[in-house]
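All remarks here apply to the structure that follows.
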Amino acid sequence: MSEAVVPQAIRKLAPGKLVIASHNAGKVREIGALLAEHGIEAISAADLDLPEPEETGTTFVANAELKALQAADLSGLPALADDSGLCVEALNGDPGVYTANWAETPNGRDWTLAMTKVEQALATKGPDASRAAHFVCVLALAWPDGHVQWFEGRAEGTMIWPPRGNVGFGYDPVFVPAGGDQSYAEMDPAQKHAISHRADAFAQLIAAVL
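Okay, here's the thing in structure tokens:
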């Protein structure tokens with residue numbers, strides 16, 4: 001498990017409404033499922049018609065914080081944001097903090113395109129290139145008064161091709177977690193939730209604030 005690094009004194013989160021600062025329906029469902037048993041009612045930024053901020057940060061922490069702080073300020077409620085990404089060893093950590101950018105098209109995000117771009121980039125490294133990769137998830141929890149704290153999770157694994165499975169979202173079909181033989185997209189959601197980078201970060205958050 002990754003060790004949490006928290007920039008401010010820990011503030012507890014009371015049961016009730018929490019804004020999930022994301023317009024990604026799959027991500028909101030996953031986060032909501034992890035929080036429901038703790039008495040937290042997850043409300044997405046899309047449900048509140050909150051704008052998506054420009055992710056100008058150059059680190060996962062910076063982007064998670066700016067999203068959480070904006071959602072908390074605009075909603076008047078505590079807000080949780082995650083910034084997560086796929087880091088491929090042979091690509092010097094790319095796509096990394098720009099994970100979603102690799103999926104951008106004029107008509108929205110195309111994750112099949114993004115996965116193809118990663119595979120094509122790996123192909124240029126030659127047949128012996130490492131296929132080791134890891135997912136990172138930083139969770140930032142913010143309040144309307146500007147207090148923010150964050151937690152970082154990580155999951156090691158291997159890139160595969162072609163994609164396998166139709167559960168999950170993003171790069172899940174091309175990532176097999178260490179010690180497994182199924183991609184994230186082939187796993188039952190509960191199984192993925194138990195071992196994912198997001199689960200790692202959530203375990204730290206739950207232990208600290210709930």
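The UniProt record's numbering puts the sequence shown at residues 1 to 210.
Don't be surprised by glycine CBs; every beta carbon is placed ideally from N, CA and C.
Everything numeric in this text was worked out from a predicted model, so none of it was measured.
Under three-state DSSP, which class holds G26? If you number the sequence shown from 1, residue 26 lands on position 26. Three-state DSSP puts G26 in a helix.
Whether A133 touches T158 by CB criterion (8 Å): Numbered from 1 along the sequence shown, position 133 holds the residue referred to as residue 133. Numbered from 1 along the sequence shown, position 158 holds the residue referred to as residue 158. The answer is yes: Cβ separation under 8 Å.
I believe D110 touches A103 by the beta-carbon criterion, under 8 Å. Please report the beta-carbon distance rounded to the nearest angstrom. Stepping through the sequence shown from its first residue, residue 110 is reached at position 110. Stepping through the sequence shown from its first residue, residue 103 is reached at position 103. Confirmed, about 6 Å.
Nearest-angstrom Cα separation, counted from C87 out to T124: For the purposes of this step, residue 124 is taken as residue 124 along the sequence shown, with counting starting at 1. For the purposes of this step, residue 87 is taken as residue 87 along the sequence shown, with counting starting at 1. Roughly 17 Å separates the two Cα atoms.
What runs of the beta strand (DSSP E), each 3 residues or longer, lie entirely inside the region 140-167? 148-159
Just mark E54 as buried or exposed, buried being the case when its beta carbon has 16 or more other beta carbons within 10 Å. Within the sequence shown, residue 54 is the residue found at index 54, counting from 1. Exposed, because fewer than 16 other Cβ atoms sit within 10 Å of the Cβ of E54.
Check whether the region 161-175 and the region 202-210 are in contact - that is, three or more C-beta pairs closer than 8 Å. no
To the nearest angstrom, how far is it from the Cα of P15 to the Cα of H38? Numbered from 1 along the sequence shown, position 15 holds the residue referred to as residue 15. Numbered from 1 along the sequence shown, position 38 holds the residue referred to as residue 38. Rounded to whole angstroms, P15 to H38 spans 7 Å at the Cα level.
Quick check: H193 and C137, are their CB atoms within less than 8 Å of each other? Position 193 of the sequence shown holds residue 193. Position 137 of the sequence shown holds residue 137. No, the Cβ-Cβ distance between H193 and C137 is not below 8 Å.
L91 by DSSP, collapsed to three states: which one? Looking up residue 91 in the sequence shown gives position 91. Helix at L91.
In whole angstroms, give me the CA-to-CA distance for P189 and G126. Stepping through the sequence shown from its first residue, residue 189 is reached at position 189. Stepping through the sequence shown from its first residue, residue 126 is reached at position 126. Cα to Cα, the separation comes out at about 34 Å.
State the Cα-Cα distance for the pair V19 and L13, rounded to the nearest angstrom. On the sequence shown, residue 19 is found 19 positions in, with the first residue counted as 1. On the sequence shown, residue 13 is found 13 positions in, with the first residue counted as 1. The alpha-carbon atoms of V19 and L13 are separated by roughly 12 Å.
Which one of A155, R11, G96 and A79 has the shortest CA to CA distance from I195? One-based indexing of the sequence shown puts residue 195 at position 195. Of the candidates A155, R11, G96 and A79, the one whose C-alpha sits nearest the C-alpha of I195 is A155.
Just the Cα atoms here: how many angstroms apart are T58 and S75? Counting from 1 along the sequence shown, the entry for residue 58 is found at position 58. Counting from 1 along the sequence shown, the entry for residue 75 is found at position 75. Going by the C-alpha atoms only, they are around 25 Å apart.
Can you say whether residue 211 is buried or exposed, counting buried as having 16 or more other CB atoms within 10 angstroms of its CB? Outside the displayed span of the chain (1 to 210) sits residue 211, for which this structure offers no information.
Where G153 and F202 are concerned, what is the direct C-alpha to C-alpha distance, given to the nearest angstrom? What you label residue 153 is simply residue 153 of the sequence shown in a count that begins at 1. What you label residue 202 is simply residue 202 of the sequence shown in a count that begins at 1. Using only the alpha carbons, I get a separation of about 8 Å.
Can you have a look at T51 and say buried or exposed, based on whether 16 or more other CB atoms are within 10 angstroms of its CB? Here residue 51 corresponds to residue number 51 of the sequence shown, with the count starting at 1. According to the sequence as given, residue 51 is Pro; it is not Thr. Classification of P51: exposed, given that the 10 Å Cβ count is below 16.
With a cut-off of 8 Å on the beta carbons, I'd call L80 and A90 a contact; round off their distance for me. Within the sequence shown, numbered from 1, the residue matching residue 80 stands at position 80. Within the sequence shown, numbered from 1, the residue matching residue 90 stands at position 90. Wrong, their Cβ atoms sit about 32 Å apart, outside the cutoff.
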